[in-house]
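Numbering (this note's numbering), first residue to last: 642 to 768.
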């Protein structure tokens, strides 16, 4: 069994699609703006796990998303081989970071805002 698709709630799937493709560099897996349907994937694994940018139209979804954001909890983790290089690239693209790359017991991590109502953790495993 494999995880093929996961999702995160976003304020606006069209805006989120632009951010995830143009700013972060993900590729489009499926984009139907009239249906508010957007799925992106990593260019490093185009056939890997997709990320559905799901509208938070439901009040429960909106409360969940806002609660995580206000508490400072990342909603998802993206991994990278070189967090310092990725951090600089994303900063140059205008990404707002809540924390700079910081070593932890299990690797190096940084947290950024996705401009769509979420915090994202960027992570590099350090053996």
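Where a beta carbon is used, it is the ideal one built from N, C-alpha and C, also for glycine.
Scanning 738, 722, 682, 732 for the CA closest to the CA of residue 646 turns up 682. Annotation: residue 684 is outside any alpha helix (DSSP H) and is labelled neither H nor E by DSSP. Distance from the CA of residue 743 to the CA of residue 724, rounded to the nearest whole angstrom, comes to 10 Å. Non-local C-beta neighbours of residue 657 in its own chain, meaning closer than 6 Å and more than five positions away in sequence, comprise 651, 694, 757, ordered along the chain. Distance from the Cα of residue 716 is smallest, within the candidate group 649, 644, 642, for 649. In this structure, the beta-carbon distance from residue 670 to residue 655 does not fall below 7 Å. Shown here for residue 735: same chain residues with a beta carbon closer than 7 Å to its own, the five before and five after excluded, namely 664 in chain order. Taking residue 703 as the centre and dropping the five residues before and after it, the same chain places the C-beta of 697 closer than 7 Å to its C-beta, in chain order.
Check the Cα spacing between residue 753 and each of 643, 689, 713: the tightest is with 713.
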